[in-house]
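> My questions all concern the structure below.
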Amino acid sequence: MRIHKKKTLENILVFKEKLLHWSQKFNDVVWLDSNPDSYRDNSKYRYYDAIMAVDAFTCIQTDYEQAFGKLKEYQTTTNDWIFGYLTYDLKNDVEDIQSNNFDGLQFPELHFFQPKKLFLFKGDTVEIRYLNCVRDDLDKDLKDIQQINESTNHHKNNDIKIKLRIRKDEYFEKINSVLNHIHRGDIYEANFCQEYYAENTIIDPLETYLKLNTISKPPFATFLKNNDKYLLSASPERYLKKDDNAIVSQPIKGTAKRSAIAEEDNKLRQELDKDDKERSENIMIVDLVRNDLAKTAKRGSVEVRELCKVHTYKQVHQMISTVVSTVEKSVHPVDVLKTTFPMGSMTGVPKISAMQIIEDIEETKRGLYSGAVGYFEPNGDFDFNVVIRSILYNETKKYVSYSVGGAITAKSDPLKEYEECLIKAKAMREVLEN
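Using the working numbering, the first residue of the sequence shown is number 742, and each one after it goes up by one.
Written out as structure tokens, the structure reads:
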């Protein structure tokens, strides 16, 4: 059972930053921020503006073997709010595939926890829900949060030298290898990713997240801490949301850079909207998502609500589609995730063949990159993002990493694909290398 307390905030942005600094003393932290003042397009699918969950009361951590079955049991028996992540490599639980590539980060493959302390933001109000076992902490915690001086140095220069896991000439060779598979008819599309990394590097995770969020302001921003491992994410993409019996998926395929000149920026947006190659990428993934959702949907309930709509963010223009379905009450929420995982926007078409080819061609185990972070409510509703535009950090190993990728189709130009990767990497590189 949880006690509830509502508090109206005079300055919500100041309280949020104080709360983030206060949270750093805990080993388990999940902060989800939709940046509602910057981005309103997704408001009809958003219930909370931001959520903070800290301090594990119970948790589950496992590798990929029977991971979804273990999560299903944990979610059912806990019957409370749980927060955590699914790494991309849980594909090995769903299909007969392996992940043997280099892993510099070494995140556990699945981690969820039941927080003792929970903060839910909506408008100018925060609703605080503490487990009864820590109810006496609530007033003291609020006092401690208010007394925090959050005005630490947000703009320390990082002395970081980012390296490429795949050199530019190798990248072109690998793209041509994917194109050969497409021309042979093995696949129609594959999402090929590459890693940028730094070794023997120390960063301040919270300050890095705050800088990344300031320059990106995405609708699915995440700060996640699991002991010595951190995710600092400026994700623009929703993977899957369950609201009662309604399921919503919002895959992104199609990216264009922004311009500081309004006329040029509008032209870039219009060009993306009319780009046949980008639209065909998006439509292929929409078909894949429809097929995945159909596995748990009521007959005839899968519907494309928005097709190839261009959304604008601080860093990029993105082409997003919205696919919805309805499930029976008897369908377990974890089964909806399992039958759609990994998300189509990060794999390809057909999905299994694309994942096998990706595994052969990529140099790095994806881990949490292109996985998902989110939460379950006690009633089984959930919301998960796609982990892209993200910095990952293993504090003990002093290893920092970010990956970017793009969908390769028969119409792909290797040079344009490489340039798209640079556009997607811009915010992370700016934060790490100034």
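Each residue gets a CB set at the ideal place from its N, CA and C atoms; glycine is no exception. Only a predicted model underlies this, so the values are computations on that prediction, with no experimental measurement involved.
#1: Rounded to the nearest angstrom, what separates Lys-983 and Leu-760 at their Cα positions?
#2: Here's the rule I'm using: 16 or more other beta-carbon atoms within 10 Å means buried, otherwise exposed. How should Pro-1119 be labelled?
#3: Looking only at its own chain, which residues have a Cβ that is under 6 angstroms from the Cβ of Glu-1044, when we skip the five neighbours before and after it?
#4: Can you tell me whether Met-1084 is buried or exposed, with buried defined as 16 or more other CB within 10 angstroms of its CB?
#5: Can you tell which of Lys-1167, Leu-1156, Met-1169, Ile-1164 has its C-alpha closest to the C-alpha of Tyr-910?
#6: Would you list the one or two residues that DSSP bridges to Ala-997?
#7: Going by beta-carbon coordinates alone, are Ile-916 and Ile-1149 separated by less than 8 angstroms?
#8: Quick one: what does DSSP say Gln-888 is sitting in, helix, strand or coil?
#9: Nearest to Gln-1056 by alpha carbon, out of Lys-1070, Arg-1010, Ser-764, Tyr-938?
#10: If you scan the stretch 1042–1103 from start to end, which runs of the alpha helix (DSSP H) of 4 or more residues do you find wholly inside it?
#11: Taking Lys-966 as part of the beta strand (DSSP E), name the residues at either end of that continuous run.
#12: At what residues does the beta strand (DSSP E) containing Asp-984 begin and finish?
#13: Once the 5 residues before and after Ser-737 are set aside, which same chain residues still bring their CB inside 7 angstroms of it?
#14: Between the stretch 1061–1078 and the stretch 877–890, can you find at least three pairs of beta-carbon atoms closer than 8 angstroms?
#15: Is the beta carbon of Leu-1163 less than 8 angstroms from the beta carbon of Ile-903?
#16: Spatial neighbours of Arg-1046 within its chain, please: C-beta separation below 6 angstroms, excluding the five flanking residues on both sides.
#17: According to DSSP, simplified to helix, strand and coil, what is Ser-763?
#18: Quick one: grab the DSSP three-state call for Thr-955.
#19: How big is the Cα-Cα spacing for Ser-1153 and Val-1030?
#20: Could you give the DSSP three-state label for Arg-925: helix, strand or coil?
#21: Apart from the five residues on each side of it in sequence, which residues of its chain come closer than 6 angstroms, Cβ to Cβ, to Asn-894?
#22: Any idea what DSSP makes of Phe-913, helix, strand or coil?
#23: According to DSSP, Met-1169 sits in a beta bridge with which residue or residues?
#24: Would Ala-1166 pass as a contact of Val-1145 if the rule is Cβ separation under 8 angstroms?
#25: What are the partner residues of Arg-743, as DSSP defines its beta bridges?
#26: Counting only beta-carbon separations shorter than 8 angstroms, does Ala-808 have a partner in chain C?
#27: For Ala-1151, count the other beta carbons within 10 Å of its own beta carbon; 16 or more makes it buried, fewer makes it exposed. Which is it?
#28: Relative to the C-alpha of Ser-1086, which residue among Ala-997, Ile-1129, Arg-743 is closest?
#29: Within its chain, find whatever has a CB closer than 7 angstroms to the CB of Leu-812; leave out the 5 residues flanking it on each side and keep chain order.
#30: I need the straight-line Cα distance from Cys-1049 to Phe-860, nearest angstrom please.
#31: Using the C-alpha atoms, what's the distance from Glu-930 back to Val-1091?
#32: According to DSSP, simplified to helix, strand and coil, what is Leu-846?
#33: In or out: Ser-864 buried (at least 16 other Cβ within 10 Å) or exposed?
#34: Look up Asn-833 in the DSSP assignment and say whether it is helix, strand or coil.
#35: Taking all protein chains shown into account, decide if Arg-870 is buried (16 or more other Cβ within 10 angstroms of its Cβ) or exposed.
Quick answer:
#1: Here residue 983 is taken as the residue at index 242 of the sequence shown, counted from 1. Here residue 760 is taken as the residue at index 19 of the sequence shown, counted from 1. For Lys-983 and Leu-760, the distance between alpha carbons rounds to 27 angstroms.
#2: Your numbering for residue 1119 matches position 378 in the sequence shown. Burial call: exposed.
#3: For the purposes of this step, residue 1044 is identified with residue 303 of the sequence shown, where counting begins at 1. Counting only Cβ-Cβ distances below 6 angstroms, and skipping sequence neighbours, we find Val-1065.
#4: The sequence position of residue 1084 within the sequence shown is 343, counting from 1. Its Cβ being crowded by 16 or more others within 10 Å, Met-1084 is buried.
#5: Mapped onto the sequence shown, residue 910 falls at position 169. The displayed chain sequence assigns Asp, not Tyr, to residue 910. Comparing Cα-Cα distances from Asp-910 to each of Lys-1167, Leu-1156, Met-1169, Ile-1164, the minimum goes to Leu-1156.
#6: For the purposes of this step, residue 997 is taken as the residue at position 256 of the sequence shown. Looking at the DSSP assignment, Ala-997 forms a beta bridge with His-1058.
#7: Within the sequence shown, numbered from 1, the residue matching residue 916 stands at position 175. Within the sequence shown, numbered from 1, the residue matching residue 1149 stands at position 408. At the C-beta level, Ile-916 and Ile-1149 come within 8 angstroms of one another.
#8: Walking along the sequence shown from the start, residue 888 turns up at place 147. Looking at Gln-888 - three-state DSSP - the assignment turns out to be helix.
#9: Here residue 1056 is taken as the residue at index 315 of the sequence shown, counted from 1. The candidate whose alpha carbon is nearest that of Gln-1056 is Arg-1010.
#10: 1074–1079, 1092–1102
#11: Here residue 966 refers to the residue found at position 225 of the sequence shown. Start and end: 961–967.
#12: Counting from 1 along the sequence shown, the entry for residue 984 is found at position 243. From DSSP, the beta strand (DSSP E) with Asp-984 extends over 979–984.
#13: Lying outside 742 to 1175, the shown extent of the chain, residue 737 is not represented and no answer is given.
#14: no
#15: For the purposes of this step, residue 1163 is taken as residue 422 along the sequence shown, with counting starting at 1. For the purposes of this step, residue 903 is taken as residue 162 along the sequence shown, with counting starting at 1. The answer is no: Cβ separation not under 8 angstroms.
#16: Reading the sequence shown from its first residue, position 305 is the one you call residue 1046. Thr-1063, Val-1065, listed in sequence order.
#17: By one-based count along the sequence shown, residue 763 stands at place 22. At residue 763 the sequence reads Trp, which differs from the Ser that was named. In this structure, Trp-763 counts as helix in the three-state DSSP scheme.
#18: As a position in the sequence shown, residue 955 is number 214, starting the count at 1. In the structure shown, Thr-955 sits in a helix (DSSP, three-state: H, G or I).
#19: On the sequence shown, position 412 is the one that residue 1153 refers to. On the sequence shown, position 289 is the one that residue 1030 refers to. One C-alpha to the other measures close to 22 angstroms.
#20: Along the sequence shown, one-based indexing puts residue 925 at 184. Helix at Arg-925.
#21: Along the sequence shown, one-based indexing puts residue 894 at 153. Because Asn-894 sits at a pLDDT of 49, beneath the cut-off of 50, its placement in the model cannot be relied upon, and the point is left open.
#22: Taking the first residue of the sequence shown as position 1, residue 913 is located at position 172. Helix.
#23: For this step, residue 1169 is matched to residue 428 along the sequence shown. Beta-bridge analysis with DSSP links Met-1169 to no other residue.
#24: Numbered from its first residue, the sequence shown carries residue 1166 at position 425. Numbered from its first residue, the sequence shown carries residue 1145 at position 404. Contact: yes.
#25: Against the sequence shown, residue 743 aligns to sequence position 2. Arg-743 pairs with Leu-872.
#26: Looking for chain C here will not work: only one protein chain is present.
#27: Locating residue 1151 in the sequence shown gives position 410, where the first residue counts as 1. It is exposed - the Cβ of Ala-1151 has fewer than 16 other Cβ atoms within 10 Å.
#28: Working through the sequence shown from its first residue, we reach residue 1086 at position 345. The shortest Cα separation from Ser-1086 among Ala-997, Ile-1129, Arg-743 belongs to Ile-1129.
#29: Within the sequence shown, numbered from 1, the residue matching residue 812 stands at position 71. Here the set comprises Ile-801, Leu-851, Phe-853, Val-1075.
#30: Here the question's residue 1049 lines up with position 308 in the sequence shown. Here the question's residue 860 lines up with position 119 in the sequence shown. Each residue's Cα considered, the two are about 34 angstroms apart.
#31: One-based indexing of the sequence shown puts residue 1091 at position 350. One-based indexing of the sequence shown puts residue 930 at position 189. Before going on, a small fix: residue 1091 reads as Pro here, not Val. Each residue's alpha carbon lies about 8 angstroms from the other.
#32: As a first step, residue 846 must be located in the sequence shown, where it is residue number 105. Note: Leu-846 maps to coil in three-state DSSP.
#33: Stepping through the sequence shown from its first residue, residue 864 is reached at position 123. Rather than Ser, the amino acid found at residue 864 in this sequence is Gly. That one is exposed.
#34: Numbered from 1 along the sequence shown, position 92 holds the residue referred to as residue 833. Helix.
#35: To locate residue 870, count along the sequence shown from 1; it is residue 129. Buried is the call here.
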